[in-house]
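I have placed the structure first, in the form of structure tokens, so that the comments after it can refer back to it.
There are 2 protein chains.
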Amino acid sequence: MVKPRDGSNTAERILDVAEELVQTRGFNAFSYADVAEVMNVTKASLHYHFSTKAVLGAELISRYSTRFMAALALLESRHTSALTRLEAYTELYATVLDTGRMCMCGMLAADILTLPGPMAAGVRAFFAANEAWLAHQLEAGAAQNDLRLTAPARELAQALIAGLEGAMLLSRMSQDAAQFRRIARQLVTRFVVDPIDA
Amino acid sequence: MVKPRDGSNTAERILDVAEELVQTRGFNAFSYADVAEVMNVTKASLHYHFSTKAVLGAELISRYSTRFMAALALLESRHTSALTRLEAYTELYATVLDTGRMCMCGMLAADILTLPGPMAAGVRAFFAANEAWLAHQLEAGAAQNDLRLTAPARELAQALIAGLEGAMLLSRMSQDAAQFRRIARQLVTRFVVDPIDA
DNA sequence: GTCTATAACGAGATAGAC
DNA sequence: GTCTATCTCGTTATAGAC
Chain A
1 MVKPRDGSNT AERILDVAEE LVQTRGFNAF SYADVAEVMN VTKASLHYHF
51 STKAVLGAEL ISRYSTRFMA ALALLESRHT SALTRLEAYT ELYATVLDTG
101 RMCMCGMLAA DILTLPGPMA AGVRAFFAAN EAWLAHQLEA GAAQNDLRLT
151 APARELAQAL IAGLEGAMLL SRMSQDAAQF RRIARQLVTR FVVDPIDA
Chain B
1 MVKPRDGSNT AERILDVAEE LVQTRGFNAF SYADVAEVMN VTKASLHYHF
51 STKAVLGAEL ISRYSTRFMA ALALLESRHT SALTRLEAYT ELYATVLDTG
101 RMCMCGMLAA DILTLPGPMA AGVRAFFAAN EAWLAHQLEA GAAQNDLRLT
151 APARELAQAL IAGLEGAMLL SRMSQDAAQF RRIARQLVTR FVVDPIDA
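Below you can see the structure in the form of structure tokens.
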């Protein structure tokens, strides 16, 4: 018995629709009715797959985090230098923004005080994992003289993520597609490559 | 007939309570009932002062923007060098975060697609004004050799605001009070003072 | 697995007395 | 200017037929 993994099964499609709504409107600004309308099913059907909105939300975060970490692994295998990995990392954010969406966990970070406990924990874990991954890349890059760090790796990782999330928020608001990539370039250049080869 | 300006009149106190709720929970996650409960009045009373939630929201943004620009003017008069002005600017954000709040317009930026038109316009205007103010300080500072710019002033201003807003979001989530100031210092140091006197 | 129907509640808002 | 009372609607969630 092979489980369908092509994303065409109902639960996955519900997650797809809900994910877009969270990324554009936030967790408190979408409802089962919104999802049901897009999918042409009833709200009751959605409750069959995800008993409560809190369960749906937790599943969204879990899937998003898994996929994000998988994208990081792929990115790591495709790029060998720390600098190109960083650039690919920022481009990951950029392509999300190109679809008119915020980072899902960035959006949920704004809603953090209103989220069910398990969801809040998931969002915090997402950023902790991101920070750890980035810090590791920075340290590895510094070790092989790929780049120069201007501060402790952990601190730089936090500042980079903060800059990228803030840049998404403001660029989406300004509807200035190029703004995000300009800011991302500033962040990477100023924080890590710095004046060595500038 | 002197209008009361001490903030003790009802409309102002409603705005005070609503403002905190927006800064902590977001515009879609608070209700007239929440405000009424804190103030020990009925929802109907609130509607006497602010006919609709959209009107209340627009007034919140207007008051917040006015106060913010006034704080910038004060800050300008108190500090003469561009660098200390920048540091005071980031400290403005830090003190907001110290009270457990996000920047109100940063919060509303996340909700932007769900806001009534006039509110969305007000949020955009807030950030445009901030960007213009910051860019002006940067250019002035560069002109008198107070600091060195690593990119066009406008671009740096956008990156700084993005970094600060993102840092607020993540620091509040992490409940790490020191994190914001560490990131802010990184941003200012790397973006403007750079290696001249580092 | 999806439907109809409905329960239970909270939200934004209004009417009219005081 | 604040109250009680009420309206209407949207939201989350459940029961039970198909």
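Taken in order, these protein sequences are the chains called A and B.
At position 169 of the first sequence the residue is numbered 169 (my numbering), and the sequence of numbers has no breaks.
At position 192 of the second sequence the residue is numbered 192 (my numbering), and the sequence of numbers has no breaks.
We put the beta carbon where it would ideally sit given N, CA and C, even for glycine.
D111(B) is classed as buried because its beta carbon has at least 16 other beta carbons within 10 Å across all chains shown. When DSSP states are grouped into helix, strand and coil, Q144(A) belongs to the coil group.
Shown in chain order are the members of the stretch 14-43 of chain A whose Cβ falls below 8 Å from a Cβ of chain B: T24, R25, G26, N28 and A29. For A167(B), at least one C-beta of chain A is nearer than 8 Å to its own C-beta.
A straight line joining the alpha-carbon of L149(B) with that of R85(B) spans about 15 Å.
The Cβ-Cβ distance between R185(B) and F191(A) does not fall below 8 Å. Of F27(B), G26(B), Y48(B) and T52(B), the smallest CA-CA separation from T10(B) is found for Y48(B). By alpha-carbon distance to R124(A), the top candidate from V35(B), Y32(B) and S174(B) is S174(B).
A contact is defined here as three or more CB-CB pairs under 8 Å, and the stretch 74-84 of chain B fails this definition with respect to the stretch 33-48 of chain B. Under the three-state reduction of DSSP output, H136(B) falls in the helix class. The C-beta of A162(A) comes closer than 8 Å to at least one C-beta of chain B.
Within chain A, not a single residue places a beta-carbon under 7 Å from that of E139(B); the smallest gap is close to 17 Å.
Per DSSP, the unbroken alpha helix (DSSP H) holding F180(B) starts and ends at A177 to V188.
For A88(A), the CB contacts under 8 Å within the same chain, skipping 5 residues up- and downstream, are L75, R78 and H79 in chain order.
Put simply, the backbone Cα of I183(A) is about 46 Å away from that of S45(B).
In the assembly as shown, E165(A) is a buried residue. Its beta-carbon has 16 or more other beta-carbons within 10 Å.
At a C-beta separation below 9 Å, I112(A) has these neighbours in chain B: L169, R172 and M173. Sixteen is the threshold: when 16 or more other Cβ atoms of the shown chains lie within 10 Å of the Cβ of S171(B), as they do, the residue is buried. Take the alpha-carbon of G57(B) and the one of A177(A): they are about 28 Å apart.
Along the stretch 35-66 of chain B, the alpha helix (DSSP H) occurs as fully enclosed runs of 4 or more residues at 43-49, listed in sequence order. Taking a contact to require three or more Cβ pairs closer than 8 Å, the stretch 113-124 of chain B and the stretch 52-72 of chain B qualify as touching. When the five nearest sequence neighbours on each side are left out, the beta carbons in the same chain lying within less than 7 Å of the beta carbon of V17(A) are those of V35, V38 and M39, in order along the chain. Q23(A) is the residue among Q23(A), A70(A), F30(A) and V193(A) whose C-alpha sits nearest the C-alpha of C105(A).
The alpha-carbon separation between L138(B) and A143(A) amounts to approximately 35 Å. Within the same chain, and ignoring the five residues on either side of A135(B) in sequence, the residues whose Cβ sits closer than 8 Å to its Cβ are A153, R154, L156 and A157. Counting C-beta atoms within 10 angstroms of its own C-beta, N28(B) has 16 or more neighbours from the protein chains shown and is therefore classed as buried.
Interface annotation, A70(A): not in contact with chain B, CB-CB separation never under 8 Å. Taking CB atoms only, T150(A) has a neighbour in chain B less than 8 Å away. The three-state reading of DSSP puts R172(B) in helix, counting H, G and I together. Of the residues assessed, N130(A) falls on the buried side of the cut-off, its CB having 16 or more other CB atoms within 10 angstroms. The distance from the Cβ of Y64(B) to that of E19(B) is about 7 Å, consistent with a contact at the 8 Å cut-off.
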